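Here the structure comes first, spelled out in structure tokens, and everything after it is commentary.
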Amino acid sequence: MPKFSPENLIILHIILSIIISIVVAILMPRHFKRNIRNILTILLFNLLIPVAGYIFSIIIFVIVARLKKKTFFEAKTLPIRDITLEKVKVRNRKLGEAALTQLIKSKKINNEHVLLIMGNFINPQTIEAAKTALFSDNDEIRLYAFAILSKLEKEIDDKISFLKTKLEKTENKKEKALIHFELASLYWDMVYLKVADKELIPFIIKEALKHIQNSLKLHSTPEIELLAGKIHLKLGNRKEAKKFLSSAFNQGDKLMKMKVVPYLAEIAFYEKDYKTVEKLFSILEAPLHPEVCFMKLFWTGEKW
201 MPKFSPENLI ILHIILSIII SIVVAILMPR HFKRNIRNIL TILLFNLLIP
251 VAGYIFSIII FVIVARLKKK TFFEAKTLPI RDITLEKVKV RNRKLGEAAL
301 TQLIKSKKIN NEHVLLIMGN FINPQTIEAA KTALFSDNDE IRLYAFAILS
351 KLEKEIDDKI SFLKTKLEKT ENKKEKALIH FELASLYWDM VYLKVADKEL
401 IPFIIKEALK HIQNSLKLHS TPEIELLAGK IHLKLGNRKE AKKFLSSAFN
451 QGDKLMKMKV VPYLAEIAFY EKDYKTVEKL FSILEAPLHP EVCFMKLFWT
501 GEKW
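So the sequence shown is residues 201 to 504, counted in this note's numbering.
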């Protein structure tokens with residue numbers, strides 16, 4: 201029987217450990233990652249436990265792993281890190297809200313097409329398209345457009361009625377302020393979305409202004425001041441609008457600042473303060489609204 205020197209035994213052990221580690225890595229179930237780190241772990245296991253390590257590595261990493269079924273669990277928290285690292289693959293949308301708005305404006309899609317998809321994209325353009333569809337020659341189109349507009353108006357009216365009832369019952373100042381803010385927001389939505397008839401717009405704006413003023417008397421937040429600024433800007437009170445928008449900008453977080461910038465830039469433009477307009481748009485990051493995006497490119501001189 202041939203004798204092996206200690207050096208030869210060590211070399212033989214290393215070679216066998218490498219071979220067995222590679223074989224085990226190949227035989228491992230597919231749901232285990234076959235990366236360098238895992239292979240090195242198996243190799244280290246074999247090197248540290250001579251002979252017995254070969255057997256245990258096959259038993260632990262192959263046989264037991266294959267017998268154990270892959271289990272799934274319900275995540276209790278959203279894996280933000282994985283999403284931001286793009287580990288979660290999402291199919292790209294072919295049409296988004298901004299694209300739909302531009303297609304309506306450019307008349308590249310008709311009212312019938314708009315009505316089929318506008319339920320998920322409520323904005324002034326889609327509402328205007330629905331109103332136009334009320335005069336369609338197609339009875340089904342007219343009825344569908346009427347149903348969409350009626351449903352939206354009813355939802356807003358029901359919310360207003362509910363909040364007014366709630367306002368009468370509460371005594372807490374902060375809660376009252378938030379209810380007034382929600383009421384002002386609903387009235388503002390009727391104006392912004394152009395849901396109400398033109399004859400009713402002055403009354404609705406007046407109601408929105410009344411509730412936002414009542415809200416500000418009781419409590420103030422950047423969100424409340426932003427809405428106050430929008431309403432005053434709509435009424436042409438640029439001085440008052442600037443006061444509230446500037447306060448919302450100074451006190452708000454980064455996202456709030458991004459929301460306020462276009463309105464402050466509009467006021468600065470009317471005041472012919474073009475340097476401020478340029479400065480404001482320069483701090484606006486990747487605006488999603490196409491019109492705001494074009495204004496940013498124009499004032500900052502950026503390219504696509």
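The beta-carbon is built from N, C-alpha and C at its ideal position, and this holds for glycine as well. Only a predicted model underlies this, so the values are computations on that prediction, with no experimental measurement involved.
A direct Cα-to-Cα measurement between Leu343 and Ala329 gives close to 14 Å. A direct Cα-Cα distance of roughly 27 Å separates Ile405 from Phe335. Pro422 and Ala448 do touch by the CB rule: their CB atoms are close to 4 Å apart, below 8 Å. Taking the C-beta atoms as reference points, Ile379 is found nearer than 8 Å to Lys366. In terms of Cα proximity to Gly429, the closest of Ala408, Glu471, Glu368, Ala441 is Ala441. A distance below 8 Å between beta-carbons, with the five flanking residues on each side excluded, links Tyr470 to the following residues of its chain, in chain order: Arg438. Ser217 places its beta carbon 8 Å or farther from that of Ile239.
Residues of the same chain with a CB within less than 6 Å of the CB of Lys373, apart from the 5 flanking positions on each side, are Leu418 in chain order. Going by DSSP, Glu407 is part of the alpha helix (DSSP H) stretching over 401-418. The Cβ neighbour count for Tyr474, taken over all protein chains shown within 10 Å, is under 16; the residue is labelled exposed. Annotation: the continuous alpha helix (DSSP H) that includes Gly429 extends over 422-434. At the C-beta level, Ile214 and Ala225 stay beyond 8 Å of one another. Beyond the five residues adjoining it in sequence on each side, Met390 comes within less than 7 Å, by CB distance, of Ile356, Ala396, Ile404 in the same chain, given in chain order.
Rounded to the nearest whole angstrom, the C-alpha separation of Glu466 and Val477 is 8 Å. Taking the Cα of Ser350 as reference, the smallest distance to any Cα among Ser361, Glu382, Asp339, Ile327 is reached at Ile327. Taking a C-beta distance under 8 Å as the contact criterion, Thr370 and Lys376 qualify as a contact pair.
With a threshold of 16 other beta carbon atoms within 10 Å, Phe444 meets it and is buried. Residue state for Ser336 is assigned as coil, using DSSP reduced to three classes. For the beta strand (DSSP E) assignment, the segment 460-491 encloses no uninterrupted run of at least 3 residues. The C-alpha of Glu382 lies about 55 Å from the C-alpha of Arg237.
Rounded to the nearest angstrom, the gap between the Cα atoms of Ile483 and Ser415 is 30 Å. Beta-carbon to beta-carbon, Pro324 and Tyr392 are separated by about 7 Å, close enough to satisfy the 8 Å threshold. Comparing alpha-carbon positions, the option among Leu427, Phe498, Asp453 lying closest to Tyr463 turns out to be Leu427.
Closest option to Cys493, judged by alpha-carbon separation, among Lys459, Asp453, Ala468: Lys459. By the neighbour-count criterion, in which 16 or more other beta carbons inside 10 Å mark a residue as buried, Lys354 falls on the exposed side. When the alpha-carbon of Ile431 is set against those of Leu212, Ser420, Ile412, the nearest one is in Ile412.
Between the alpha carbons of Lys472 and Ile424 lies a distance of about 27 Å.
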